[in-house]
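Undergrad: Before I ask anything, let me first share the structure, which is written out below as structure tokens.
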Amino acid sequence: MRKILFALCLCTVAFAAEPTDLDTLFRGREYKPALSASLRDSVKNESAVPKAAAKSSKSDGYYMLQFESVADFDAAQRRRAQLSASTGYSIQVVFDAPFYKLRGGGWGSKKAAEDKARELSAYNITAFVVKVK
Numbered sequence: 360m361r362k363i364l365f366a367l368c369l370c371t372v373a374f375a376a377e378p379t380d381l382d383t384l385f386r387g388r389e390y391k392p393a394l395s396a397s398l399r400d401s402v403k404n405e406s407a408v409p410k411a412a413a414k415s416s417k418s419d420g421y422y423m424l425q426f427e428s429v430a431d432f433d434a435a436q437r438r439r440a441q442l443s444a445s446t447g448y449s450i451q452v453v454f455d456a457p458f459y460k461l462r463g464g465g466w467g468s469k470k471a472a473e474d475k476a477r478e479l480s481a482y483n484i485t486a487f488v489v490k491v492k
């Protein structure tokens with residue numbers, strides 16, 4: 360019996376995992392996901408609000424595309440990196456209890472946002488339009 364207990368203890372130590380991103384949040388550190396070089400370059404060159412939407416004089420509000428709602432923070436961060444790479448938008452993770460909502464883009468009119476959602480649906484990326492302001 361002691362041999363089995365000793366073997367289990369050794370296995371536990373041998374297979375101990377690295378701390379997760381959630382562990383760093385509980386320790387009070389800021390979450391910074393590790394992005395590959397190609398993702399880092401594409402995200403760095405984008406702004407959250409396109410200039411055309413910011414300068415639009417005929418604005419009826421501010422619209423964004425919502426891609427998904429995810430309950431798990433780590434899954435939301437992984438999906439954020441995937442969506443950012445596939446769409447080219449800076450994706451925001453917005454917590455609205457109990458879900459993390461993945462939103463991106465920004466348009467001054469609902470029609471322009473709906474047009475972009477239809478364009479993305481041709482690439483099998485589902486999104487719907489939400490009014491933010």
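Quick note: to get our numbering, add 359 to the position in the sequence shown (first position is 1).
The C-beta atom is built at its ideal place from N, Cα and C for all residues, glycine as well.
Whole angstroms is fine: what's the gap from A481's alpha carbon to A444's?
TA: For the purposes of this step, residue 481 is taken as the residue at position 122 of the sequence shown. For the purposes of this step, residue 444 is taken as the residue at position 85 of the sequence shown. Distance between the alpha carbons of A481 and A444: 16 Å.
Undergrad: From D431, M360 and L461, pick the residue whose C-alpha is nearest to that of V491; which is it?
TA: Counting from 1 along the sequence shown, the entry for residue 491 is found at position 132. If you compare the alpha carbons of D431, M360 and L461 with that of V491, the shortest gap goes to L461.
Undergrad: Just how far apart, CA to CA, sit Q425 and K475?
TA: For the purposes of this step, residue 425 is taken as the residue at position 66 of the sequence shown. For the purposes of this step, residue 475 is taken as the residue at position 116 of the sequence shown. So the alpha carbons of these two residues sit roughly 12 Å apart.
Undergrad: Can you tell me whether L398 is helix, strand or coil according to DSSP?
TA: Residue 398 sits at position 39 when you count from the first residue of the sequence shown. Its pLDDT being 45, under 50, L398 is placed unreliably by the model, and the measurement read from it follows with that caveat. Correct three-state label for L398: helix.
Undergrad: Under three-state DSSP, which class holds I484?
TA: Counting from 1 along the sequence shown, the entry for residue 484 is found at position 125. DSSP places I484 outside both helix and strand once states are collapsed to three, so it counts as coil.
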